[in-house]
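Protein chains in written order, with our numbering: chain A, 1 to 224; chain B, 225 to 491.
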């Protein structure tokens, strides 16, 4: 029995403002628990596809259905939490790690009513990342690249996405930091049974992290 | 008692022009290379202001609503266009937004002033004499506010694109993602007028009040006018800046909560 589909993408097309076709006639289904590596040469359209799936880029044609439903304007903020894009370079705000982790809960829709429950969740994630409680009080500008990516990941985990769109999350990191991020991601994903679409250029990493591979060429999916 | 109004002769203006010649001599002596610019700027000042003087005399004599409308429309369009012209980044249609913001804010504030503060019985004999200077002062300041506001908005959104998109991916609405930039843009548009209001009378004597006092108006009467003008300028600037910045935000974020960064171009 196949798992329920999170995303059904049909004939998606993204054209740049200059008229260049960046992603063309792309169709794709991603189900709960799918662990997919997305690969292809630079400029093949991988990042654009991920950004289009996160609805960060306007699409010119095609359709994205989320859990069988057509998306309306008002559903989009909620959709972006469930189908969540993580930037290649982590973006943190000025302030402590805790303030960064609490950021999504400052939005009107996500106001936290039970602060104790939130603290417990953060505590659990900090342990998962092998950090101690003092990490929460560190300022974001003194963190290393790997630590910043850990904070960005933990913040993503807190919004509880079903599908993570990972745009080369380890490309700027050294071998050790890469291993830490990989292990953190896989632990959380396997624990919670989440799905991901992970852009990676590293064939070994693709082997390690995925059960299925998608290859893109000139804006199209050539192998799925 | 204040002295009577003293009309300046052409000789008086000539003496003032001598001071500019002194500047020119200094420029030559220190090799600043400013003498040409000084001459051009002085000629422009004489020409533009004389032209304005003739036009105002003519408009006041005509006392015709249509001519008055034409001149305030010209002033407003020039202010609106100027406010978007010098921005380092722009989006298509920005100048229309600026003209709209300048027009709505300055015309509304001037109308309120004419109908409630100054009262129609004062100006109904010769509306141009009140409308043109009032609107001119409000336009001059509003255009600065709008110019600073839209420039700040575009710069801030482009420089913080990563942050804006990060907030969107975490479930922020377009307003939640843009709010910091929008608020700071409005504040930056308001800073000059807030500074002016804070030091008015301590550091500077405003031009209009100085003019009135020189023309023989008692200082306390001139002060009352100046207070009203400052409040009109501040409210016109605030309203114009808010309209221009909000219109920019609406142009750069669509209802799908997407930041349309490609619309912002460098000049």
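For each residue, glycine too, the CB sits at the ideal point set by N, CA and C.
Owing to the predicted nature of the structure, the values given are computational and were not obtained by experimental measurement.
Quick check: is the beta carbon of residue i nearer than 8 Å to any beta carbon in chain B?
| i | result |
| --- | --- |
| residue 192 of chain A | no |
| residue 229 of chain A | Coverage of chain A is limited to positions 1 through 224, which leaves residue 229 of chain A absent and any answer about it impossible. |
| residue 54 of chain A | yes |
| residue 169 of chain A | no |
| residue 249 of chain A | Outside the modelled stretch of chain A, which goes from 1 to 224, sits residue 249 of chain A, for which no answer is possible. |
| residue 151 of chain A | no |
| residue 222 of chain A | no |
| residue 226 of chain A | Residue 226 of chain A falls outside the range modelled here, since chain A spans only 1 to 224, and no answer is possible. |
| residue 4 of chain A | no |
| residue 209 of chain A | no |
| residue 142 of chain A | no |
In or out: residue i buried (at least 16 other Cβ within 10 Å) or exposed?
| i | result |
| --- | --- |
| residue 57 of chain A | buried |
| residue 142 of chain A | exposed |
| residue 315 of chain B | buried |
| residue 378 of chain B | buried |
| residue 94 of chain A | exposed |
| residue 460 of chain B | buried |
| residue 311 of chain B | buried |
| residue 157 of chain A | buried |
| residue 69 of chain A | exposed |
| residue 212 of chain A | exposed |
| residue 275 of chain B | exposed |
| residue 430 of chain B | buried |
| residue 229 of chain B | exposed |
| residue 74 of chain A | exposed |
| residue 123 of chain A | exposed |
| residue 366 of chain B | buried |
| residue 72 of chain A | exposed |
| residue 194 of chain A | buried |
| residue 343 of chain B | exposed |
Does the CB of residue i have a neighbour CB from chain A at under 8 Å?
| i | result |
| --- | --- |
| residue 379 of chain B | no |
| residue 407 of chain B | no |
| residue 334 of chain B | no |
| residue 272 of chain B | no |
| residue 387 of chain B | yes |
| residue 486 of chain B | yes |
| residue 286 of chain B | no |
| residue 482 of chain B | yes |
Only counting the same chain, and skipping five residues up and downstream in sequence, which positions put a Cβ closer than 8 Å to that of residue i?
| i | result |
| --- | --- |
| residue 16 of chain A | 22 |
| residue 11 of chain A | 25, 26, 27, 61, 62 and 63 |
| residue 155 of chain A | 100, 101, 103 and 104 |
| residue 250 of chain B | 256 |
| residue 150 of chain A | 129, 131, 180, 181 and 184 |
| residue 92 of chain A | 100, 140, 143, 148, 151 and 152 |
| residue 107 of chain A | 77 |
| residue 133 of chain A | 123 and 126 |
| residue 41 of chain A | 217 |
Counting only the same chain and skipping the five closest in sequence on each side, list residues whose C-beta sits under 6 Å from that of residue i.
| i | result |
| --- | --- |
| residue 38 of chain A | 46, 197, 199 and 214 |
| residue 463 of chain B | 329 |
| residue 452 of chain B | 341 |
| residue 3 of chain A | 31, 32 and 33 |
| residue 51 of chain A | 57 |
| residue 196 of chain B | Outside the modelled stretch of chain B, which goes from 225 to 491, sits residue 196 of chain B, for which no answer is possible. |
| residue 258 of chain B | 251 |
Which same chain residues, not among the five before or five after residue i, have their C-beta less than 7 Å away from its C-beta?
| i | result |
| --- | --- |
| residue 128 of chain A | 184, 187 and 188 |
| residue 249 of chain A | Residue 249 of chain A falls outside the range modelled here, since chain A spans only 1 to 224, and no answer is possible. |
| residue 210 of chain A | 35, 36, 37 and 198 |
Touching by the beta-carbon criterion (3+ pairs, under 8 Å), the stretch 64 to 84 of chain A and the stretch 153 to 161 of chain A: They touch, by the three-pair rule.
Could you say if the stretch 345 to 363 of chain B and the stretch 385 to 404 of chain B meet the contact criterion of at least three C-beta pairs nearer than 8 Å? Not touching, per the Cβ criterion.
Chain B contacts from the stretch 67 to 86 of chain A (Cβ-Cβ distance under 8 Å): Those residues of the stretch 67 to 86 of chain A that come within reach of chain B (Cβ to Cβ, closer than 8 Å) are 73, 76, 77, 78, 80, 81, 84, 85 and 86.
What are the residues of the stretch 390 to 424 of chain B that lie near chain A, defined by any Cβ-Cβ distance shorter than 7 Å? Residues of the stretch 390 to 424 of chain B that bring their beta carbon within less than 7 Å of a beta carbon in chain A comprise 390, 392, 393, 394, 395, 396, 397 and 400, in sequence order.
Residues of the stretch 453 to 480 of chain B with Cβ closer than 9 Å to any Cβ of chain A, in chain order: Considering only beta carbons, the part of the stretch 453 to 480 of chain B lying closer than 9 Å to chain A consists of 478, 479 and 480, in chain order.
Going along the stretch 15 to 41 of chain A in order, which residues come within less than 8 Å of chain D, judged by CB to CB distance? Chain labels in this structure do not include chain D; the protein chains are A and B.
Which residues of the stretch 93 to 125 of chain A have a Cβ closer than 9 Å to any Cβ of chain B? Give them in chain order. Within the stretch 93 to 125 of chain A, the qualifying residues are 93, 103, 104, 106, 107, 108, 109 and 110.
Do three or more CB pairs link the stretch 446 to 460 of chain B to the stretch 294 to 304 of chain B at distances below 8 Å? In this structure the stretch 446 to 460 of chain B does not touch the stretch 294 to 304 of chain B; the number of beta carbon pairs closer than 8 Å is below three.
Is the stretch 96 to 113 of chain A in contact with the stretch 409 to 426 of chain B, if contact means three or more CB pairs nearer than 8 Å? Here the stretch 96 to 113 of chain A does not lie against the stretch 409 to 426 of chain B, with fewer than 3 beta-carbon pairs under 8 Å apart.
Segment contact, 8 Å Cβ cut-off, at least three pairs: the stretch 319 to 329 of chain B with the stretch 476 to 486 of chain B: No: fewer than three Cβ pairs fall under 8 Å.
Inter-stretch contact (C-beta, 8 Å, three-pair minimum) for the stretch 427 to 441 of chain B and the stretch 288 to 299 of chain B: The stretch 427 to 441 of chain B makes no contact with the stretch 288 to 299 of chain B; the number of CB pairs closer than 8 Å stays below 3.
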